[in-house]
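Trainee: Take the sequence shown: its position 92, counted from the start at 1, is 92 in full-length UniProt numbering, and no numbers get skipped.
Provided herewith is a single structure, encoded as structure tokens, for subsequent inquiry.
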Amino acid sequence: MKLGWRMVRKLRIVNARNGTFFNARFFSDSTTQLPLASMTVDPSSNTTKTNNNNNKNSTSSSLKHLELAKFAAIADSWFVIHFYYLFSVISNFSSSSFQLRHVWSLCISSCMVRWDSEGPFKPLHVMNPTRLAFIRSTLCRHFGKDPNCAKPFEGLNIVDVGCGGGILSEPLARMGATVTGVDAVDKNIKIACLHAGSDPETSTIEYCCTTAEKLVEEQRRFDAVIALEVIEHVADPAEFCKSLAALTVEGGANVISTINRSMRAYATAIVAAEYILRWLPKGTHEWSSFLTPEELVLILQRSSIDVKEMAGFVYNPLTGRWSLSDDIGVNFIAFGTKNTH
Ligand SMILES: C[S@@+](CC[C@H](N)C(=O)[O-])C[C@H]1O[C@@H](n2cnc3c(N)ncnc32)[C@H](O)[C@@H]1O
């Protein structure tokens, strides 16, 4: 608790320096969020039902339909299909239909599907090694694992909430974790399954089109709950964090990354990334949906998660690489543990 408040005080200073301010947006913004936050969408049945506030058992939804529509529209750009490779393989075979069918299934299962690291998810691909470095070091320290061994996450049960096409789930599985990847967009899950299926090390990932709230209802529990670049797209960040906490075993770990609601983030993550460099489709991010680090620390604390470590990501335009930094003014990542009281 003390550490949390010290961190909040420190973060407040950092944010003051970055020109950001503290406000109470995360206390469920009933005027702007109500129509979305009061709906529960069941992705498996595609039904939408309105929450009854008197019903204590109903789980409030994290789904923000406009955001999900944006991700559904660009879902295909998670990967590219290597037609050149496909045709060159086919041309080496005679055209008997059995052989053609065999080639098709071979190509689909193993060679055709490659991540499109130049598409709209390029920033996530480029950031991936840096965020994995943070996750590897914090989880290994917390769970007493050796970060230098080939499978440091062996024995850990991890859920990747909002997994998209699976670019984080796959390396987690390669590091030995038992991974569940969930996303509210069905197309993303299909793509993630298709890609993971091509490698025996990743084909064990359990992918499911669902939400954190649904997993809570199913009483699922994990050693570590990870949600990277998702919280800025949900309807109610505080409720979302409660679900993440409920999915975590006592003493388990949480890792969340997002974008700071700072002026610098507006200039870089929105104006530069979406409108000048065109790394992301215009309108991908809404500045008002970002959380400051101190807001994230507070909503996690209210969900029984104590933030123990935080780092920023900074981009070097000369090398085109991201690195971990103390600068949490734009992109940042937090590691927390579920407290036992
Ligand atoms: C920016 S992408 C991040 C993908 C992945 N976490 C990564 O960082 O590589 C955000 C993902 O969150 C998913 N998403 C948004 N709201 C969600 C929710 N309430 N529950 C589950 N997934 C959600 C979207 O469909 C999208 O795939």
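Glycine included, every Cβ here is placed at the ideal spot set by N, Cα and C.
As the structure is a computational prediction, the values presented were derived from the model and not from experiment.
Starting from the N-terminal side, write out each stretch of the beta strand (DSSP E) that is 3 residues or longer and does not extend beyond the region 179-251.
Mentor: Here the runs fully enclosed are 206-209, 222-228.
Trainee: Measuring only the C-alpha atoms, how far is ARG174 from GLU201?
Mentor: 6 Å
Trainee: Take SER304 as the anchor and find which of ALA238, HIS125, VAL185, TRP115 has the nearest alpha-carbon.
Mentor: With respect to the C-alpha of SER304, the residue from ALA238, HIS125, VAL185, TRP115 having the closest C-alpha is ALA238.
Trainee: Quick one: does the C-beta of GLU274 sit closer than 8 Å to a heavy atom of ligand 1?
Mentor: no
Trainee: Taking 9 Å as the threshold (C-beta atoms), are CYS163 and ASP186 in contact?
Mentor: no
Trainee: Determine the burial state of ALA150: buried for a count of at least 16 other Cβ atoms within 10 Å of its Cβ, exposed for fewer.
Mentor: exposed
Trainee: Return helix, strand or coil for SER304, following the three-state DSSP convention.
Mentor: coil
Trainee: DSSP state of LYS338, grouped into three classes?
Mentor: Here DSSP, grouped into helix, strand and coil, assigns LYS338 to strand.
Trainee: Is DSSP giving PHE332 helix, strand or coil here?
Mentor: strand
Trainee: For a test of your reading of the model: does the CB of ILE167 fall under 8 Å from any non-hydrogen atom of ligand 1? Yes or no.
Mentor: yes
Trainee: Specify, as a first and last residue, the run of the beta strand (DSSP E) that VAL159 falls within.
Mentor: 157-161
Trainee: Rounded to the nearest angstrom, what separates GLY4 and GLY336 at their Cα positions?
Mentor: Per-residue confidence for GLY4 stands at a pLDDT of 46, beneath the threshold of 50, marking its modelled position as unreliable; the derived number appears in the next sentence. So the two alpha carbons sit approximately 10 Å from each other.
Trainee: Are the region 60-70 and the region 238-255 touching by the rule of at least three beta carbon pairs closer than 8 Å?
Mentor: The region 60-70 is in contact with the region 238-255.
Trainee: Cutting at 6 Å between CB atoms, please list the residues of its own chain near ARG221, excluding the five before and the five after it.
Mentor: VAL249
Trainee: From the DSSP secondary-structure annotation, give me the bridge partner or partners of GLU309.
Mentor: DSSP, once it has assigned bridges, lists PHE335 as partnering GLU309.
Trainee: Given this structure, state the Cα-to-Cα distance separating SER198 from GLU170, to the nearest angstrom.
Mentor: 11 Å
Trainee: Going by beta-carbon coordinates alone, are PHE332 and ASN254 separated by less than 9 Å?
Mentor: No Cβ-Cβ contact shorter than 9 Å links PHE332 with ASN254.
Trainee: In the DSSP assignment, what are the bridge partners of VAL314?
Mentor: SER323
Trainee: Considering only the alpha carbon of each residue, which of LYS282, GLY251, ILE256, GLY252 lies closest to TYR266?
Mentor: LYS282
Trainee: Sorry if obvious, but does the Cβ on CYS208 come closer than 8 Å to a heavy atom of ligand 1?
Mentor: no
Trainee: Spatial neighbours of CYS140 within its chain, please: C-beta separation below 6 Å, excluding the five flanking residues on both sides.
Mentor: PRO147, PRO152
Trainee: Classify ARG131: buried if its beta carbon has 16 or more other beta carbons within 10 angstroms, exposed otherwise.
Mentor: buried
Trainee: For ALA311 and SER137, what's the separation of their Cα atoms in angstroms?
Mentor: 12 Å
Trainee: With a cut-off of 8 Å on the beta carbons, I'd call LEU296 and ILE256 a contact; round off their distance for me.
Mentor: 7 Å
Trainee: How would you label ASN128, buried or exposed, when you count the other beta carbons within 10 angstroms and need 16 or more for buried?
Mentor: buried
Trainee: Do HIS285 and GLU232 have their beta-carbon atoms positioned less than 9 Å apart in this structure?
Mentor: yes
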